[in-house]
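Asker: If you want this note's numbering, it's the position in the sequence shown, counting the first as 1, plus 104. We put the CB at the ideal spot given by N, CA and C, even for glycine. None of the values given here were measured: they were computed from a predicted structure.
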Amino acid sequence: MKSKQLFWGILFLVFGGLLLLNNFNLINVSFYNLWKFWPAILILFGISLFMKDPKLKNVFSSLAAVFLAVVIFAWFLRFSGCHHFNYDDSEIATKEIAEPYSPTILKANLNLDIGAGKFTIEDTTDQLLEGKVKSGWGDYSIERWHDESTENLKLRLKDGHKISLGKVFKGNKLNLKLNPNPEWNFDFDMGAADIDFNFEKYKVKNLKVDMGAASLKLKISELQDTSNITIDGGASSIRIYIPKNSGCEINSDMGLSSKEYEEFVNVGEDTYRTVNYETAEKKIFISLDGGVSSVKVKRY
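#1: Rounding to the nearest angstrom, what Cα-Cα distance links F292 and L311 in this structure?
#2: Which one of N380, L320 and L327 has the shortest CA to CA distance from V369?
#3: For S356 and D393, what's the separation of their Cα atoms in angstroms?
#4: Can you list the beta strand (DSSP E) stretches of 3 or more residues lying completely in the segment 302-333, in chain order?
#5: At which residues does the beta strand (DSSP E) containing I67 begin and terminate?
#6: Which one or two residues does DSSP pair with V369 in a beta bridge?
#7: In three-state DSSP terms, what is L259?
#8: Does the beta-carbon of A317 have 16 or more other beta-carbons within 10 angstroms, so that it is buried, or is it exposed?
#9: Tell me whether K69 is buried or exposed, calling it buried when 16 or more other Cβ atoms sit within 10 Å of its Cβ.
#10: Please report how far the alpha carbon of G185 lies from the alpha carbon of T378, in whole angstroms.
#11: Alpha carbon to alpha carbon, how far is Y404 from F171?
#12: Taking the straight line between their C-alpha atoms, what separation do you get for K348 and K238?
#13: In terms of alpha-carbon separation, which member of G351, N302, D374 and T383 lies closest to I344?
#14: Let's test the definition: count the other Cβ atoms within 10 Å of the Cβ of W249 and tell me whether it reaches 16, buried, or not, exposed.
#15: On the criterion of 16 or more Cβ atoms from any shown chain inside 10 Å, does Y191 qualify as buried, or is it exposed?
#16: Checking the sheet assignment: what are the DSSP bridge partners for I176?
#17: With G351 and K386 assumed to form a contact (beta carbons below 8 Å), what rounded beta-carbon distance in angstroms separates them?
#18: If you draw a straight line from the C-alpha of A384 to the C-alpha of D227, how long is it?
#19: Relative to the alpha-carbon of N285, which residue among A168, L167, F154 and S206 has its alpha-carbon at the smallest distance?
#20: Suppose you measure from the CA of L269 to the CA of S253; what does that come to, to the nearest Å?
#21: Is DSSP giving G121 helix, strand or coil here?
#22: Take G395 as the anchor and find which of E373, E367, V401 and I342 has the nearest alpha-carbon.
#23: Which partner residues of M294 appear in the DSSP bridge assignment?
#24: Quick check on this structure: which residue in N256, M315 and E366 has the alpha carbon closest to the alpha carbon of I299?
#25: Using the Cβ count rule (16 or more neighbours within 10 Å means buried), how would you classify F164?
#26: What does a CB cutoff of less than 8 Å around S166 pick up in its chain, not counting 5 residues either side in sequence?
#27: Using 10 angstroms around the beta-carbon of S340, count the other beta-carbons present and answer buried if the total reaches 16, otherwise exposed.
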């Protein structure tokens with residue numbers, strides 16, 4: 105068989121197999137940073153050109169096809185949103201966490217340093233913070249300290265927080281509920297993650313998200329006069345929902361990205377504003393910085 109035929113046959117076979125396994129949630133391996141290894145394909149192609157032995161040429165062509173199929177699959181996950189974090193957490197116990205609330209707390213800062221996993225914030229609670237944790241990577245620790253009228257919380261994954269490429273996920277799920285009364289500042293540091301944060305019922309003053317290859321969904325409220333959102337991500341799928349009555353400005357410094365900004369107009373290089381920006385009483389400022397991304401900002 106010619107190396108060209110072998111290359112295309114293996115490429116379609118591997119890519120199709122990965123898509124099939126992904127559709128049935130049978131992939132337990134993280135592919136989210138593999139797109140960075142695309143130069144290896146050029147190296148393998150270059151080596152194959154020097155090979156005179158047809159058998160060796162076929163070997164390197166086959167390896168190049170496998171690498172290319174995996175890289176295309178990794179890119180497909182990023183841009184299609186058809187990825188699955190299929191954790192094997194059947195033997196992991198669920199732990200509950202809670203921090204009490206006092207009416208004297210006017211402002212609250214929450215810092216999350218939790219690596220890779222699946223994370224959600226939704227609904228409200230009478231506590232300052234409560235949640236459920238299901239993690240096979242290590243224990244979560246909570247630090248809390250008071251500074252005048254501000255309560256500070258830091259939630260951290262102590263062990264196993266860095267996940268190596270290709271390692272099977274044992275599970276790292278966090279579901280949080282927050283008290284809606286304080287003015288909140290958020291600082292989140294995450295890796296390859298599936299993130300769904302619904303802040304519709306919270307007063308968000310500042311939100312900073314530093315993430316790796318991730319799927320991020322945010323919903324911002326109009327309960328705050330001014331909200332500042334900063335997102336720094338790698339190969340990411342980003343969805344942000346903002347209220348129709350709020351004015352919004354987006355400043356982006358993205359690499360190769362596709363973007364869809366609903367009811368925005370371009371007012372300068374990489375700067376966009378909603379059509380009601382000047383007249384709106386509430387303002388949301390979004391700063392985007394990252395690599396290969398799919399970004400959508402929609403109104404609700």
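Answerer: The relevant details are as follows:
#1: Translated into the one-based positions of the sequence shown, residue 292 becomes position 188. Translated into the one-based positions of the sequence shown, residue 311 becomes position 207. Linking F292 to L311 through their CA atoms gives a straight-line distance of about 8 Å.
#2: Here residue 369 refers to the residue found at position 265 when the sequence shown is read from its first residue. It is N380.
#3: Residue 356 sits at position 252 when you count from the first residue of the sequence shown. Residue 393 sits at position 289 when you count from the first residue of the sequence shown. One alpha carbon belongs to S356, the other to D393, and they sit about 6 Å apart.
#4: Fully enclosed beta strand (DSSP E) runs of 3 or longer: 307-314 and 318-324.
#5: With the chain covering only 105 through 404, there is no way to say anything about residue 67.
#6: The residue you call residue 369 lines up with position 265 of the sequence shown. The beta-bridge partner set that DSSP reports for V369 consists of R377.
#7: Counting from 1 along the sequence shown, the entry for residue 259 is found at position 155. If DSSP states are grouped into helix, strand and coil, L259 belongs with the strands.
#8: Translated into the one-based positions of the sequence shown, residue 317 becomes position 213. With 16 or more Cβ atoms within 10 Å of its Cβ, A317 is classed as buried.
#9: Absent from the structure is residue 69, since the part of the chain shown begins at 105 and ends at 404.
#10: Numbered from its first residue, the sequence shown carries residue 185 at position 81. Numbered from its first residue, the sequence shown carries residue 378 at position 274. Its pLDDT being 46, under 50, G185 is placed unreliably by the model, and nothing is read from it.
#11: Along the sequence shown, one-based indexing puts residue 404 at 300. Along the sequence shown, one-based indexing puts residue 171 at 67. Distance from the CA atom of Y404 to the CA atom of F171, rounded to whole angstroms, is 41 Å.
#12: Counted from its first residue, the sequence shown places residue 348 at position 244. Counted from its first residue, the sequence shown places residue 238 at position 134. Across the structure, K348 and K238 are spaced so that their CA atoms are roughly 36 Å apart.
#13: Counted from its first residue, the sequence shown places residue 344 at position 240. Taking each of G351, N302, D374 and T383 in turn and checking the Cα distance to I344, the smallest one comes out for N302.
#14: Within the sequence shown, numbered from 1, the residue matching residue 249 stands at position 145. With fewer than 16 Cβ atoms within 10 Å of its Cβ, W249 is classed as exposed.
#15: Looking up residue 191 in the sequence shown gives position 87. For Y191, the pLDDT reaches just 48, beneath the cut-off of 50, and the residue's location in the model is therefore unreliable, although a value from the coordinates is still provided. Y191 should be labelled buried.
#16: Start at 1 with the first residue of the sequence shown, and residue 176 comes out as number 72. For I176, which the question treats as bridged, DSSP gives no partner whatsoever.
#17: Within the sequence shown, the letter at position 247 stands for residue 351. Within the sequence shown, the letter at position 282 stands for residue 386. That pair is a contact at about 7 Å.
#18: By 1-based counting over the sequence shown, the position of residue 384 is 280. By 1-based counting over the sequence shown, the position of residue 227 is 123. Take the alpha-carbon of A384 and the one of D227: they are about 27 Å apart.
#19: Taking the sequence shown and counting its residues from 1, the one referred to as residue 285 is at position 181. Checked all of A168, L167, F154 and S206; the closest Cα to N285 is S206.
#20: Indexing the sequence shown from 1 puts residue 269 at position 165. Indexing the sequence shown from 1 puts residue 253 at position 149. Below a pLDDT of 50, predicted positions are generally treated as unreliable, and L269, at 39, falls in that range; the measurement from the model is reported next regardless. Approximately 42 Å between the Cα atoms of the pair.
#21: Here the question's residue 121 lines up with position 17 in the sequence shown. For G121, the three-state secondary structure derived from DSSP is helix.
#22: Position 291 of the sequence shown, counted from the start, is the residue given in the question as residue 395. Ranked by how close their Cα comes to the Cα of G395, the residues E373, E367, V401 and I342 have I342 in first place.
#23: In the sequence shown, residue 294 corresponds to position 190, counting from 1. In DSSP, M294 forms a bridge with G219.
#24: Here residue 299 corresponds to residue number 195 of the sequence shown, with the count starting at 1. Its Cα nearest to that of I299, the residue M315 stands out among N256, M315 and E366.
#25: Here residue 164 refers to the residue found at position 60 of the sequence shown. By the neighbour-count criterion, in which 16 or more other beta carbons inside 10 Å mark a residue as buried, F164 falls on the buried side.
#26: Within the sequence shown, numbered from 1, the residue matching residue 166 stands at position 62. Excluding sequence neighbours, S166 sits near L110, F111 and I114.
#27: Locating residue 340 in the sequence shown gives position 236, where the first residue counts as 1. Residue burial is scored here from C-beta neighbours: S340 has at least 16 other C-beta atoms within 10 angstroms and is therefore classed as buried.
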